[in-house]
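Q: Protein chains in written order, with this note's numbering: chain L, -15 to 147; chain D, 6 to 290. Backbone N, C-alpha and C define an ideal beta-carbon position, used for all residues, glycine too. As the structure is a computational prediction, the values presented were derived from the model and not from experiment.
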Amino acid sequence: MLDLRKSDINFKWEIIKQEGGEGLLKCFGCSDCSASCPVRYLDERYNPRKIIRLTLLGMKDEVLASRFLWLCAHCHACTERCPQGIHVAEVINAIKNYAVKQGFCPDGLKVQLNLLNNSGRLYELEDFDLRKRQRLGLPEIAKKILDVSRIFQATKIIERVAK
Amino acid sequence: MKRYAIFLGCTVPVRAQHYELATRNVAKELGIEFVDLKESSCCGFPLKALDAETSLLMAARNIGLASNLGLDVVTLCNSCTAMLSDAQVKLQTSGFRKKFTELGFSYPNNIKVRHFVRMLYEDFGLENLKKAIKKPLKNLKIISHYGCHYLRPSYLHSFDNAENPHTLDELVGLTGANVIEYQEKKLCCGGSVLGVDEELAIKMANQKLFVAKNNNADVMISICPFCTVMYEDNQRKVETKFNISYNLPILYYPQLLGLGLGLTTDAVGLKFNRIRPESIFSKIV
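(1) Give me the Cα-Cα distance between Val72 (chain L) and His58 (chain L), rounded to the nearest whole angstrom.
(2) Provide the residue(s) that pair with Lys7 (chain D) in DSSP beta bridges, ordered along the chain.
(3) Closest by CA to Ala27 (chain D), which one among D:Ile280, D:Thr269, D:Arg279?
(4) Answer with yes or no whether the minimum CB distance from Asp111 (chain L) to chain D is below 8 Å.
(5) Suppose the cutoff is 8 Å on Cβ atoms and the five residues either side in sequence are ignored; what does the same chain contact list for Leu8 (chain L) look like?
(6) To the nearest angstrom, how far is it from the Cα of Lys10 (chain L) to the Cα of Ala49 (chain L)?
(7) Mapping the DSSP letters down to three states, classify Ser20 (chain L) as helix, strand or coil.
(8) Measuring straight from C-alpha to C-alpha, what distance separates Asp77 (chain D) and Lys117 (chain D)?
(9) Let me see if you follow: with CB-CB separation under 8 Å, is Arg157 (chain D) close to chain L or not?
(10) Note down, one range per segment and in chain order, each alpha helix (DSSP H) of at least 4 residues found wholly within the region 48 to 84 of chain L.
(11) Does the beta-carbon distance from Leu179 (chain D) to Leu134 (chain D) come in below 8 Å?
(12) Based on Cα-Cα distance, which residue from L:Pro22, L:Asp27, L:Ser18, L:Leu93 lies nearest to Lys34 (chain L)?
(13) Residues of chain D with CB closer than 9 Å to the CB of Val84 (chain L), please, in chain order.
(14) DSSP three-state call for His150 (chain D): helix, strand or coil?
(15) Please report the distance separating the alpha-carbon of Ile148 (chain D) from that of Gln260 (chain D).
(16) I think Leu145 (chain D) touches Lys288 (chain D), with their Cβ atoms under 8 Å apart; what is that distance to the nearest whole Å?
(17) Interface residues of chain D around Arg134 (chain L) at Cβ under 7 Å?
(18) Could you give the distance in angstroms between the alpha-carbon of Glu168 (chain D) and the alpha-carbon of Leu74 (chain D)?
(19) Just to make sure I have the definition right: I need the residues of chain D whose C-beta is within less than 8 Å of the C-beta of Lys116 (chain L). Which are they?
(20) Please report the distance separating the alpha-carbon of Val17 (chain D) from that of Phe12 (chain L).
(21) Using a cut-off of 7 Å between C-beta atoms, extract the partners of Gly195 (chain D) located in chain L.
(22) Can you find a CB in chain D that lies within less than 8 Å of the CB of Val145 (chain L)?
(23) Closest Cβ-Cβ distance between Lys190 (chain D) and chain L: below 8 Å?
(24) Out of D:Met124, D:Glu127, D:Val94, state which residue places its alpha-carbon closest to the alpha-carbon of Asn115 (chain D).
(25) Could you work out which residues of chain L lie near Thr16 (chain D), taking near to mean beta carbons separated by less than 8 Å?
(26) Is it buried or exposed for Asp161 (chain L), if we count other Cβ within 10 angstroms and need 16 for buried?
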């Protein structure tokens, strides 16, 4: 059972400050998001309404430490159905962003961040790929896009994740 | 001749060259000119869950490259389309624009960002495309997979009908192929959760493959490299997990359209499809 005495009343205000988190307070708990969710359909551990309700109640630890937060496929089926016009998938994403700031970041995402920091691409272009492109008559593309790491420095994303 | 900037993203130029090849050859056939954005990077979507602002800045930089050329962008991946469209909206807000320009980037012209398939639908039109078909594919039974970010969120795309889409079915239909009407068009491929929970992703992919089999589809049409990773690259894993046989070829829409336009199987890169599409060859000659 939830111990509401552990509620952190600032939690929801922190979430609405994140990019995409704005709509959170408009939720009245109808569950249209969960009813339209393809992940929820197959796996009961993920439940967008529950995550939003827990957030509104200030149950920060339950939400941020939950692995299930990361099961959102960001498919936006929920967003299309929300009667309050909440961009539900964006709110869930805002909670993920806040979880990262609090030190909860799945390892897979850290790997992607490093790949992008090194070359600006998720898949590094090997000589083999370049030769294949040439053989098919496809145009040359740059191997490394260094502007990406410049963006990372500006948003301090590497330090934040390493924390 | 119509000119567009083409944005390839990460996956297409490395893992789906046949998609790129078919798209370029179809474009040439239709008199569309592509200008490559050689300095473009990942769209930013993979980092959205980590930090939305970072991903939006990456996306904005990419469309800035096209904006500097004054060209509308076409994309080949659904998630790239949504990510770049999101950045385009954010660039209209002063706070984000300030951060963007402080990094030395610019976005002088307000350009359109659309999936290649949507551009065909809107700028070319069904009638014109239909007139260009030289080899109707009338013996093929096809199930179209739209993928999530081609249409959703609808507040970004404002195109087609996010709840009951039809544009891709119409584009498939004009090649002469038989379009399968089905209820579960909106199903997500599961690609976004592949890195977090593979078993769940495989279950999600199975849903539409099962619908395809029940409808006796010859081919599934995809317009997103990530959806293809789920339905094609992971098809054997799905078959093993559910003890079922699909062996369903997954073609990218430009591959199908190219065949209808009379291009050779090599010109649309069919030899690179991982689920061998030979089963359909006898039906397209």
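A: Checking against the coordinates, here is how it stands:
(1) 9 Å
(2) D:Ile37
(3) D:Thr269
(4) no
(5) By the criterion of a C-beta distance shorter than 8 Å, Leu8 (chain L) is surrounded in its chain by Lys(-4), Ile(-1), Ile0, Ile36, Thr39, Leu40, Ile70, Val75, Ala78, once the five residues flanking it on both sides are discounted.
(6) Straight across, the Cα-Cα distance linking Lys10 (chain L) with Ala49 (chain L) is about 24 Å.
(7) coil
(8) 5 Å
(9) yes
(10) 61 to 65
(11) yes
(12) L:Ser18
(13) Ala54, Leu55, Asp56
(14) coil
(15) If I take the Cα positions, the gap works out to 14 Å.
(16) 6 Å
(17) Leu108
(18) Looking at the two C-alpha atoms, the distance is approximately 35 Å.
(19) Gln22
(20) 41 Å
(21) Ala57
(22) Yes - at least one Cβ of chain D is within 8 Å of the one on Val145 (chain L).
(23) no
(24) D:Val94
(25) Leu106, Tyr107
(26) With chain L covering only -15 through 147, there is no way to say anything about residue 161 (chain L).
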